[in-house]
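For the protein sequence lines, the chains are A and B, in the order given.
For the first sequence, my numbering assigns the number 9 to the initial residue and increments by one for each residue that follows.
For the second sequence, my numbering assigns the number 378 to the initial residue and increments by one for each residue that follows.
First up is the structure itself, then whatever we jot down about it.
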Amino acid sequence: MPIEKLDKILLQVQKPGRYVGNEFGSVHKEKEGKIRFAFCFPDTYEIGMSYLGGRIIYSLLNERNDVWCERVFAPWVDFEEKMRENAIELFALESGDSIKSFDFAAFTLQYEMSYTNIINMLDLAKIPLLSKDRGEEFPLVCAGGPCAYNSEPIADFLDFVMMGEGEILLPAVMDVYKENKEKGGTKQDFLIKIAQIEGIYVPSFYDVCYNDDGTVKSVLPNRDNVPKVIKKVIVEDFDSTFFPKTFIVPNIETVHDRVTIEVFRGCIRGCRFCQAGMIYRPVRAKSVDTLSCQAKQLQEGTGYEEISLLSLSTSDYPQLNELIDKLQSWSEDKHVNLALPSLRLDTLSGELLNKVQKVRKSGLTFAPEAGTQRLRDVINKNISDEEIIRAADIAFGNGYGQLKLYFMIGLPTETMEDVEGIAHTAFEVLARYAKSEVKNKKGVNIGVSVSTFVPKPFTPFQWEGQNTIEQVEEKQAVLREKMRSRKISLSWHDAKTSFLEAVFARGDRRLSKVLIEAQKRGFHFDGWEEYFSYEKWMKLFEDCGIAPSFYANRERNEDEVLPWDHIDVGVTQEFLLRERHQAYKGAVTPDCSKGCAGCGITKIGGGSLCRK
Amino acid sequence: MQKVRIKFHKTDSAKYTSHLDLNRIFIRSLCRAGLDVVYTKGFNPHPYIVFGPPLPLGFTSQTEILDFSLNSEMEFSEIEAKLQKALPMGFFIERAYTPKNKISDISSVGYRCNLEVNCEVNESLIRDIAELFDPELPLLIMKKSKRGLREIDINSMMQGVILTKKGEYDIELLTRVTCTPQDNLNPSYLVSAIEENIKRAVPIFAGYHRLSFFMQNGVQFDKNA
């Protein structure tokens, strides 16, 4: 509930609905005797409400009688200004209570450029930024999510980090917290206890030493009974794991506002640039019946008009046709659309497209990622030129006029010929429209979106240096020159933002002082073009005595200790190195369905295709 | 086919939902309620629902209107119960009934405005404001519309205003203003007019509440429906 003060301010800001909650499906409980858990998403309401992980955590925790999980989003700049002017502390949506007095403030690490929002939100909440400065009266600040696997740049702000799946880790953490509180234990007692749980990383229990050349010498425990390496934790029986029976339905428009079901976790493909494909292994899928039940229950409970099937590569789900048929057996009559993002173009069929676009047609996106076969082989994106053409033919033949193609520039071994290959590919796809007998009312447009490769931890390319900003901008200029056409819309990611992403994705604890100073200087929403200032960042790094190119552009030695080596996501370093060497040979590794490449994940848990 | 009209209230945090949001909220609420609403035909089928005149963001209301049709007959009490259960907080259904008047016949709407000013509210202030809103005299103000900025005469679009002192710094304005498909007056213009013309009274905060719709002849909308 908004407090009295808020009413006077809310009409002075954009989209006041972001700050009032009270949506259908939001959970309100009596505060007494509850563990107060603030799930903090470090971006706007509209983006945060689209996050399926947040919805799962919210339901999972609120099903417990001893926990009240509430939501907190980053206030937009206009509301932040009003908050500071009026001494309003960062509050949770459901109760309107300041989160300073909560038991947990849990942040989800989705994107490196949201780190400044995290620190800013702590400041707005009047919670001391550094873990070491927080006494018993402040919440435990923790984190999870994809960037958590290298959380070193923000490790000094976090009391603990969860490596792996929340369905297992969160209940375990809550149980220990409850028991510790009942026994009158302190925060330190709690941290010592949870450090024993597999998958929990307590950064303050580890010391980092550096070599003279600035590389990491070691990351070692500074006490006994704490694992040297933290292993991620996964749900083995994915089919029967917790999934929400209901979703909050936002009152205002959000980015993705629909029923979302998780078809499977992990990915068989092994594309060498892709961190998600490595950190979410092994592949575990849900059955058709489970998925249909979950979707139906959610659709009836929310009234949503669209169901989205989520996974890293939905067309790899073996029973996809069966699933779609089962869903449509009840969804069509209710005028509910099915959306299938993440379709691979090599498994696209006219039949699939027909089924999916029955109620309402949405856009079609393919990701060839590289402009030549040679480079696609290097990155292990096993898609041929013929398959791209074939997919275009199927799409146009089914009446599509708008197609989107995703590419990356700055990939390892890339030459200008590869960059120009992106333009060639776009024009070849465009040419297929002319050959198609079926035409679209609005004509044809090929949207080409080019992002900049960021070498990510836990991928075969984690040792690569990112292209410099100059190199990237030169390549972007070549593409602009080569793709002048009214029927092609070229868009690209700002090279300077990608540079900052690489700094924080591959960084270490020495970056925490940069983030503290960034907050003092009012940095926020750095993932948003209008608030990102490269010049301010570079001045900041200079003032802090940090050379950002050391993190982003420097190629790492294969025997170097990486800042994230004390985390084990399952795939072995041997496997990653092997894949890196294969990449440089231009050799492909077939996907898991065609044979096991021995990535090592089975020591954590097996997937449906893993050789036990 | 059963024609249904819902009269509902919009209060508390629901006042921060815009008119566009309302459409989305009700489409989903009707679906959750399990009501067999008639859909539009064509490329992008959705429930065919029609709202009364839009309510500005931040206003509360006790007289919002929604029309739709059901494919199969249902008791109004059942419609009310099912839909109420499915609505988010802040939306209250007063009743469901068969529509009597046409929404396009709405001619004016009554508002209550609670205005907090920074100066003491006394007889002299009340008199000055009453004089400002004298229907015999024009009161010109710049109005923003789709066609750009244009000058309008507020007093010609007001059918009366009653002023009451509610507290040392609080005034209540009860007014009826024009509300047709072609033209309408947002009551916040009254507060702007006070701010512009009566210098000593600086508005600190204004809350608006929509009371009732009226037809051309001054009869209340859907009276005895």
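C-beta atoms are modelled at their ideal positions from N, C-alpha and C, and glycine is treated no differently.
Return the bridge partner residues of residue i from the DSSP annotation.
i, result
"residue 416 of chain B", "B/424"
"residue 292 of chain A", "A/273"
"residue 627 of chain B", "A question about residue 627 of chain B goes unanswered here, because the residues of chain B that appear run from 378 up to 602."
"residue 580 of chain B", "B/494"
"residue 590 of chain B", "B/486"
"residue 542 of chain B", "B/548"
"residue 245 of chain A", "Its beta-bridge partners do not exist; DSSP assigns none."
"residue 213 of chain A", "In the DSSP output, where bridge partners are listed per residue, residue 213 of chain A has none listed."
Check the Cβ-Cβ distances between residue i and every residue of chain A, and say whether any is below 8 Å.
i, result
"residue 388 of chain B", "no"
"residue 405 of chain B", "yes"
"residue 535 of chain B", "no"
"residue 529 of chain B", "no"
"residue 402 of chain B", "yes"
"residue 628 of chain B", "This structure leaves residue 628 of chain B out entirely; chain B is present only between 378 and 602."
"residue 422 of chain B", "yes"
"residue 512 of chain B", "no"
"residue 383 of chain B", "no"
"residue 428 of chain B", "no"
"residue 416 of chain B", "yes"
"residue 466 of chain B", "yes"
"residue 413 of chain B", "no"
"residue 398 of chain B", "yes"
Just the C-alpha distance for residue i and residue j, rounded to the nearest angstrom, thanks.
i, j, result
"residue 400 of chain A", "residue 440 of chain A", "7 Å"
"residue 206 of chain A", "residue 581 of chain B", "56 Å"
"residue 27 of chain A", "residue 101 of chain A", "7 Å"
"residue 197 of chain A", "residue 236 of chain A", "20 Å"
"residue 266 of chain A", "residue 551 of chain A", "45 Å"
"residue 226 of chain A", "residue 215 of chain A", "8 Å"
"residue 149 of chain A", "residue 117 of chain A", "13 Å"
"residue 470 of chain A", "residue 180 of chain A", "32 Å"
"residue 9 of chain A", "residue 505 of chain B", "Any reading at residue 9 of chain A needs caution, since the residue's pLDDT is 43, under 50, leaving its predicted position unreliable; the model's value is listed next. About 38 Å."
"residue 70 of chain A", "residue 80 of chain A", "15 Å"
"residue 272 of chain A", "residue 422 of chain A", "32 Å"
"residue 457 of chain A", "residue 433 of chain A", "13 Å"
"residue 521 of chain B", "residue 453 of chain A", "37 Å"
"residue 99 of chain A", "residue 158 of chain A", "28 Å"
"residue 74 of chain A", "residue 421 of chain B", "44 Å"
"residue 51 of chain A", "residue 262 of chain A", "12 Å"
"residue 331 of chain A", "residue 566 of chain A", "44 Å"
"residue 544 of chain B", "residue 491 of chain B", "10 Å"
"residue 416 of chain B", "residue 476 of chain B", "19 Å"
"residue 109 of chain A", "residue 38 of chain A", "16 Å"
"residue 297 of chain A", "residue 400 of chain B", "33 Å"
Is the CB of residue i under 8 Å away from at least one CB in chain B?
i, result
"residue 310 of chain A", "yes"
"residue 165 of chain A", "no"
"residue 31 of chain A", "yes"
"residue 260 of chain A", "yes"
"residue 16 of chain A", "yes"
"residue 672 of chain A", "Any answer about residue 672 of chain A is impossible in this case: the structure gives chain A only from 9 up to 620."
"residue 257 of chain A", "yes"
"residue 556 of chain A", "no"
"residue 25 of chain A", "yes"
Next item on the list: Give, in chain order, every unbroken run of the beta strand (DSSP E) that is at least 3 residues long and sits entirely within the stretch 482 to 537 of chain B.
Entry: 483 to 494, 517 to 522 and 525 to 530
Next item on the list: May I have a chain-ordered list of the beta strand (DSSP E) segments no shorter than 3 residues that lie completely inside the stretch 443 to 488 of chain B?
Entry: 468 to 474
Notebook entry, point to check: Is the stretch 554 to 570 of chain B in contact with the stretch 419 to 438 of chain B, if contact means three or more CB pairs nearer than 8 Å?
Noted result: yes
Item checked: Segment contact, 8 Å Cβ cut-off, at least three pairs: the stretch 447 to 460 of chain B with the stretch 403 to 412 of chain B -> yes
Item checked: At least 3 beta-carbon pairs within less than 8 Å: the stretch 505 to 521 of chain A vs the stretch 556 to 569 of chain A -> yes
Check: Are there three or more Cβ pairs, one per stretch, closer than 8 Å when the stretch 296 to 306 of chain A is compared with the stretch 395 to 409 of chain B?
Finding: no
Checklist line | Inter-stretch contact (C-beta, 8 Å, three-pair minimum) for the stretch 581 to 589 of chain A and the stretch 377 to 386 of chain A | finding: no
Check: Counting Cβ pairs closer than 8 Å, one from the stretch 120 to 132 of chain A and one from the stretch 525 to 537 of chain A, do we hit at least three?
Finding: yes
Next item on the list: Kindly provide the ranges of any beta strand (DSSP E) runs that are 3 or more residues long and lie completely inside the stretch 77 to 120 of chain A, ordered along the chain.
Entry: 112 to 116
Checklist line | the stretch 564 to 577 of chain B / the stretch 512 to 530 of chain B touching (three or more Cβ pairs under 8 Å) | finding: yes
Checklist line | Secondary structure, beta strand (DSSP E): runs of 3+ residues fully inside the stretch 327 to 400 of chain A | finding: 345 to 347 and 372 to 377
Next item on the list: Check whether the stretch 272 to 289 of chain A touches the stretch 25 to 45 of chain A, counting contact only when three or more Cβ pairs, one atom from each stretch, lie closer than 8 Å.
Entry: no
Item checked: Segment contact flag, the stretch 467 to 487 of chain B with the stretch 380 to 387 of chain B, C-beta cutoff 8 Å, min 3 pairs -> yes
Check: Quick one: complete alpha helix (DSSP H) runs, 4+ long, within the stretch 12 to 88 of chain A?
Finding: 12 to 18, 53 to 56 and 60 to 70
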